[in-house]
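Take a look at the structure set out below.
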Amino acid sequence: MNKYTTTERELSTTAKLADYQQSLLKRINNIAVSLMPEFEDKNQAMDAVTLDDGSLMQLLCSIQMEQKTRASEHEMRKVRRRRENLEAFYNSLQELGGTLK
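When you line the sequence shown up against the numbering used here, it's residues 806 to 906, in that order.
Right, dumping it as structure tokens:
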């Protein structure tokens with residue numbers, strides 16, 4: 806039985822991608838790396854780790870938007886509040902033990 810590390814699996818998956826897909830993957834990685842200063846606080850990083858993929862992507866997009874947009878301060882506060890409320894919801898959901906039925 807062969808056991809692969811996560812890195813080995815990622816490398817083998819990356820190797821199967823076409824050139825244009827690898828270029829896109831590099832761009833996505835660069836965006837993610839540029840957002841890492843937002844997660845210097847361990848608590849923020851751990852909160853982000855517990856989010857599902859869709860919520861994590863929303864979080865990253867809202868942070869990117871805050872950094873790069875020329876929207877009004879009012880709009881930015883709305884986005885920030887929405888993001889914080891989403892994070893709080895998922896934290897409370899996790900404390901309750903998972904999904905609500």
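Heads up, the beta-carbon is just placed ideally off N, CA and C, and yes, glycines get one too.
Check, Outcome
"Reducing DSSP to helix, strand and coil, say where ARG882 ends up.", "helix"
"Take every Cβ of the segment 872-879, pair it with every Cβ of the segment 849-864, and state whether three or more of those distances are shorter than 8 Å.", "no"
"Which runs of the alpha helix (DSSP H) at least 4 residues long sit entirely within the segment 820-888? Give them in chain order.", "824-840, 847-855 and 858-873"
"Kindly give me the distance between the Cβ atoms of GLN869 and LEU891, rounded to whole angstroms, as I take these residues to be in contact under 8 Å.", "With a Cβ gap of about 16 Å, GLN869 and LEU891 do not count as contacting."
"Indicate whether SER867 and ARG888 have their beta-carbon atoms separated by less than 7 Å.", "yes"
"Whole angstroms are fine: how far does the CA of GLN872 sit from the CA of GLU880?", "13 Å"
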